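Take a look at the structure set out below.
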Amino acid sequence: MASHDNIGDFLTIIRNASNAGKESCEAQWSSIREGIAKILQSEGYISSLEVSGEKAKKTIKIGLKYVGGVPAITGITRVSTPGCRFYCEYRSIPRVLNGMGISILTTSKGVLKDSDCRAQKAGGEIICKVW
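Each residue of the sequence shown is one higher than the last, beginning at 13 in our numbering.
Written out as structure tokens, the structure is:
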């Protein structure tokens with residue numbers, strides 16, 4: 013049975029567009045993708061976020077951010093994959109580059125960044141690390 017990693021594809025679209033120096037990138041919409049993009053926007057890794065379309069044909073357009081010609085997203089990696097899930101409680105969420113980056117988690121309270129998980133005492137599945 014074939015397995016497809018939609019979140020991994022989304023992160024790869026962002027990584028490739030940012031490394032290629034594109035202004036923006038576009039992907040199919042899903043609620044978890046929108047949650048990840050909102051966190052990236054609130055943390056200053058992307059400049060804009062726009063959801064367009066109707067029901068089954070929704071897309072999400074992300075405006076990429078550059079600082080002095082260098083992408084704001086230096087690295088973005090997938091942690092938990094469909095073949096190997098990675099869960100942790102709020103006390104053991106790893107710090108990314110000693111606090112210089114963020115982890116994005118799916119919890120029972122929604123998609124949250126690592127500091128919000130610690131504050132709300134919510135553990136979950138670590139989706140990705142961004143720095």
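Built from N, CA and C at the ideal position, the CB exists for glycine as well.
Quantities reported herein were computed from a predicted structural model and do not represent experimental measurements.
Residue range of the unbroken beta strand (DSSP E) whose run includes residue i
i, result
"S54", "Segment 43-54 is the alpha helix (DSSP H) holding S54; no beta strand (DSSP E) there."
"A39", "36-40"
Collapsed DSSP secondary structure at residue i in the structure displayed
i, result
"K69", "helix"
"C131", "Inspection of the sequence shows that residue 131 is occupied by Ala rather than by Cys. Reduced to three states, the DSSP call for A131 is helix."
"Y57", "coil"
"W143", "coil"
"A14", "Model confidence at A14 stands at a pLDDT of 48, short of 50, so the residue's coordinates are unreliable; what they give is reported in the following sentence. Three-state DSSP puts A14 in coil, outside helix and strand."
Opposing strand residues paired with residue i [DSSP bridges]
i, result
"L117", "L124, I138"
"Y78", "P83"
"S64", "T71"
"Y102", "Looking at the DSSP assignment, Y102 forms no beta bridge with any residue, so it has no partner."
Residue i and residue j closer than 7 Å at C-beta
i, j, result
"I105", "D126", "yes"
"T119", "A134", "yes"
"T146", "W143", "Any property of residue 146 remains undetermined from this structure, which presents the chain solely from 13 to 143."
"A39", "Y57", "no"
"I138", "V91", "yes"
Start-to-end residues for the alpha helix (DSSP H) that takes in residue i
i, result
"R90", "Here R90 belongs to no alpha helix (DSSP H); instead the beta strand (DSSP E) covers 88-90."
"I26", "18-31"
When the Cβ atoms of the stretch 93-111 are set against those of the stretch 50-63, are three or more pairs found closer than 8 Å? no
Sufficient close CB pairs (3 or more, under 8 Å) joining the stretch 107-126 to the stretch 72-80: no
Could you tell me whether the stretch 31-46 touches the stretch 64-72, using the rule of 3 or more Cβ pairs below 8 Å? yes
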